[in-house]
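Residue numbering for the sequence shown follows the numbering used here, beginning at 1 and increasing consecutively. Cβ coordinates follow ideal geometry from the N, Cα and C atoms, glycine included. Data block below; observations after.
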Amino acid sequence: TPLNSGAEQALRDLLSVRRAMRCPDDDDAPLICSRLGKAMSERSFQHRLQAWRQSAGLQVEVSPHWLRHTFAQRVIATTEHRDPQAVVQVLLGHASRASTTVYTLPTGEDIERAAEEACR
1 TPLNSGAEQA LRDLLSVRRA MRCPDDDDAP LICSRLGKAM SERSFQHRLQ AWRQSAGLQV
61 EVSPHWLRHT FAQRVIATTE HRDPQAVVQV LLGHASRAST TVYTLPTGED IERAAEEACR
């Protein structure tokens with residue numbers, strides 16, 4: 001899957017943090033390590049993500065899955081490709097287009113905005 005420049009930089013930054021934490025540097029090492037240099041548990045990662053959310057001042061609940069949906073919805077909203085859903089399918093690594101559909105459904109805000117615009 002291709003990475004945009006922002007994602008590439010974020011990965012470089014993450015690798016720098018890993019080195020500073022003295023995490024294992026082999027190819028099979030976890031990308032995100034605990035303070036003990038081992039793979040972080042799913043629950044610990046969820047806690048860490050909530051701390052990052054709070055420090056960023058986000059008012060919405062977040063999860064790794066929420067990030068995936070948000071990314072897919074942003075691609076749909078911003079791509080100029082003739083088949084935006086196909087772009088999302090490739091970026092998310094889905095074999096089936098049906099799997100991609102759930103990521104590209106309109107948000108509650110999209111539906112509310114469409115309803116308001118239809119009544120003008």
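Neighbourhood of residue i by C-beta, 8 Å cutoff - its chain only, sequence neighbours within 5 removed
i   : result
V75 : P84, V87, V88 and L91
M21 : C33, R35 and G37
R97 : Q85, A86 and Q89
Three-way DSSP call (helix, strand, coil) for residue i in this model
i   : result
A56 : helix
A86 : helix
L95 : The amino acid occupying residue 95 in the given sequence is Ala; Leu does not appear at that position. Reduced to three states, the DSSP call for A95 is coil.
Cβ shell of residue i (< 7 Å), same chain only, five flanking positions each side left out
i   : result
A72 : V88, L92, Y103 and T104
Backbone CA spacing between residue i and residue j [nearest angstrom]
i    : j    : result
F45  : H94  : 24 Å
G57  : E80  : 31 Å
S63  : S16  : 23 Å
L11  : R120 : 45 Å
I111 : S55  : 30 Å
V60  : R53  : 8 Å
R43  : R18  : 19 Å
Q50  : G6   : 21 Å
L31  : L67  : 17 Å
D28  : A39  : 11 Å
S41  : A118 : 47 Å
Limits of the unbroken alpha helix (DSSP H) element including residue i
i    : result
H121 : It is not possible to answer for residue 121, since the shown part of the chain is limited to 1 through 120.
S41  : Taken as a continuous stretch (DSSP letters only), S41 belongs to no alpha helix (DSSP H), as it is neither H nor E.
E140 : Here the chain covers residues 1 to 120 and nothing more, so residue 140 does not appear.
A20  : S5 to A20
R113 : G108 to A118
Spatial neighbours of residue i in its chain, beta-carbon cut-off 6 Å, leaving aside the 5 residues before and after
i    : result
G108 : none
H69  : Y103
Any C-beta of chain C under 8 Å from that of residue i
i   : result
S99 : Judged by its chain identifiers, the structure shown contains no chain C, having just a single protein chain.
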